[in-house]
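Protein chains in written order, with the numbering used here: chain U, 53 to 266; chain V, 53 to 266.
Single-structure report; data block below.
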DNA sequence: GTACCTCTGTGAATACCATAACAGAGACAT
DNA sequence: ATGTCTCTGTTATGGTATTCACAGAGGTAC
């Protein structure tokens, strides 16, 4: 039914993720949504209705003009695109304030996407369980990443340690990073990096907040 | 020199913020950078050299074909665009794990952009100073936001409380939000919302990490 | 001085993305 | 039965962002 060879744009896969979460969370009269119209989903996700229809079109999902889209089927279809069949195991590098917040945020939230190990050089954290996740010393990285079949990493260390962490993980087969360090990771083109720069995001808001004030 | 009536694109202002941080942080032989070429700045920031030149062109900043761009002048010029003259005061709503991480992250980091007050209903936090920032009860929001001339808000509460927080802040004149709650805030067009959806970002990485594996 | 080299600045081309516009299908009322 | 309404599915259009390609300027080597 769903064909993985379709090329989804970056923006589209982000929206699919959001559609899914909105569908999972929003109940109608305390029971799961049965069917939903494109404009309803659009309102919940904060996009336009045609964008929703177009996204669903690109993943080959069809709705019913009178009833809308079947929510359960849609969830299933999105899952076929976004989730790896056996789930994806993630390592967190850096258990500082940000790292702990991320642990709290993601633990048990996405069944197919789990942070299964955290690493930090600070002995205050190593060999402890924090927010439900075991924290290891960086010395154990080689062993743990292979044992737990970790495929992606979240980098939440200061800028200076970010490239090192990425390099070590890449040598162990990790092909995707969520990088919170404000530094451009040098990676081969086969590795995907999603860069999140909090300061940049905050300064963007400050800029626009000022514009509208004047 | 710099004309504020130029329209900067969303992407451009994000990159300007990053250029600035990269310039501030990167020393050359332990002293501040004097001049820098577009391709050097591009490598540090993770973009292409043309894009750097284009961005600097749109803010009307000129370089020297032989020496590159004067770093100090560039910092000054970027500051003229991004910073409000007297600085921008920010309120943080929600002092949970994420909120505390943000406090730690932003405190004393950007001189012209300070989180000057935090709000949380949990009495465990109210009337305490956390990461250098005083935490108030939401009951004090009206008074504090006006006293401290707060112009923007960071929303780090669960989805269910996000719209309420935004509404209260907007009534007090706040015109920009950085929203971490995975919910579409309903705001008038005069208010800017920068939506950060961590789960979406993580799932995007998982998707691409899987693609490259196959 | 002249040829050459490197970098900036920028118009043109391209790629990407979202919106607009509309065809098609089914339900419903009259 | 026929017209109308609403929603999906899809193509056409427009706008925006980035890259391409090259002109211009100044320094350097010889």
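Ideal Cβ positions, reconstructed from N, Cα and C, are used throughout, including at glycine.
Given the structure is predicted, the values throughout are model-derived calculations rather than measurements.
Closer than 9 Å at the beta carbon, the chain V residues around residue i
i: residue 313 (chain U); result: Outside the modelled stretch of chain U, which goes from 53 to 266, sits residue 313 (chain U), for which no answer is possible.
i: residue 234 (chain U); result: 70, 73, 74 and 77
When the options are compared against residue i, the one with the closest alpha-carbon
i: residue 245 (chain V); options: V:197, V:236, V:251 and V:229; result: V:229
i: residue 143 (chain U); options: U:109, U:182, U:259 and U:168; result: U:168
i: residue 203 (chain U); options: U:128, U:140, U:85 and U:84; result: U:140
i: residue 213 (chain U); options: U:163, U:157, U:126 and U:146; result: U:146
i: residue 152 (chain V); options: V:193, V:137 and V:187; result: V:187
i: residue 192 (chain V); options: V:255, V:224 and V:258; result: V:224
i: residue 240 (chain V); options: U:121, U:264 and U:65; result: U:264
i: residue 196 (chain V); options: V:221, V:126, V:208 and V:149; result: V:221
i: residue 242 (chain U); options: V:262, V:251, V:243 and V:255; result: V:262
i: residue 162 (chain V); options: V:236, V:72 and V:64; result: V:72
i: residue 160 (chain V); options: U:64, U:251 and U:258; result: U:251
i: residue 125 (chain V); options: V:95, V:137, V:87 and V:148; result: V:87
Burial state of residue i (16 or more Cβ within 10 Å)
i: residue 198 (chain U); result: exposed
i: residue 102 (chain U); result: exposed
i: residue 90 (chain U); result: buried
i: residue 109 (chain V); result: exposed
i: residue 58 (chain V); result: exposed
i: residue 184 (chain U); result: exposed
i: residue 100 (chain U); result: exposed
i: residue 238 (chain U); result: exposed
i: residue 172 (chain V); result: buried
i: residue 256 (chain U); result: buried
i: residue 210 (chain U); result: exposed
i: residue 55 (chain V); result: Residue confidence for residue 55 (chain V) is low, a pLDDT of 43 falling below 50, so the modelled location carries little weight; the figure read from the coordinates is stated next. With fewer than 16 Cβ atoms within 10 Å of its Cβ, residue 55 (chain V) is classed as exposed.
7 Å Cβ cut-off: residues of chain U touching residue i
i: residue 66 (chain V); result: 252 and 256
Beta-carbon proximity list for residue i, same chain, < 7 Å, skipping 5 on both sides
i: residue 53 (chain V); result: No answer about residue 53 (chain V) holds up, because its pLDDT of 43 lies below 50 and its placement is not dependable.
i: residue 200 (chain V); result: 141, 168 and 169
i: residue 158 (chain V); result: 167
i: residue 194 (chain V); result: 224
i: residue 52 (chain V); result: Residue 52 (chain V) is absent from the structure shown; chain V starts at 53 and stops at 266.
i: residue 64 (chain U); result: 107 and 110
i: residue 234 (chain U); result: 211, 249 and 251
i: residue 236 (chain U); result: none
Chain V contact residues for residue i, given Cβ-Cβ distances below 8 Å
i: residue 204 (chain U); result: 257, 258 and 261
i: residue 158 (chain U); result: 250, 251 and 254
i: residue 134 (chain U); result: 255, 258 and 259
Own chain residues within Cβ distance below 6 Å of residue i, not counting five before or after
i: residue 164 (chain V); result: 135 and 139
i: residue 156 (chain U); result: 183
i: residue 248 (chain V); result: 232
i: residue 190 (chain U); result: 171 and 173
Contact set for residue i: own chain, Cβ-Cβ below 8 Å, skip 5 residues either direction
i: residue 85 (chain V); result: 75, 78, 79 and 123
i: residue 68 (chain U); result: 60, 107, 111, 130, 133 and 134
i: residue 97 (chain V); result: 67, 70, 71, 74 and 104
i: residue 150 (chain V); result: 208 and 232
i: residue 127 (chain U); result: 72, 75 and 76
Under 7 Å from the C-beta of residue i: neighbouring residues of chain V
i: residue 242 (chain U); result: 264
i: residue 98 (chain U); result: 236
Under 8 Å from the C-beta of residue i: neighbouring residues of chain U
i: residue 140 (chain V); result: 258, 261 and 262
i: residue 152 (chain V); result: 149 and 153
i: residue 186 (chain V); result: Those within 8 Å of residue 186 (chain V) in chain U number zero; the least Cβ separation is about 18 Å.
i: residue 162 (chain V); result: 251, 254 and 255
Closer than 9 Å at the beta carbon, the chain U residues around residue i
i: residue 229 (chain V); result: 257 and 261
i: residue 86 (chain V); result: Neighbours of residue 86 (chain V) on chain U: none; closest Cβ ~22 Å, over 9 Å.
i: residue 246 (chain V); result: 253, 254, 256, 257 and 260
Contact test: residue i Cβ vs the ligand GTP heavy atom, cutoff 6 Å
i: residue 72 (chain V); result: Annotation note on the ligand GTP: not contained in the displayed structure, which lists no ligands.
Task: Segment contact flag, the region 177-190 of chain V with the region 111-120 of chain V, C-beta cutoff 8 Å, min 3 pairs - done: no
- [ ] Mind the definition here: the region 91-100 of chain V touches the region 216-229 of chain U only if three or more C-beta pairs lie below 8 Å; say whether that holds.
- [x] no
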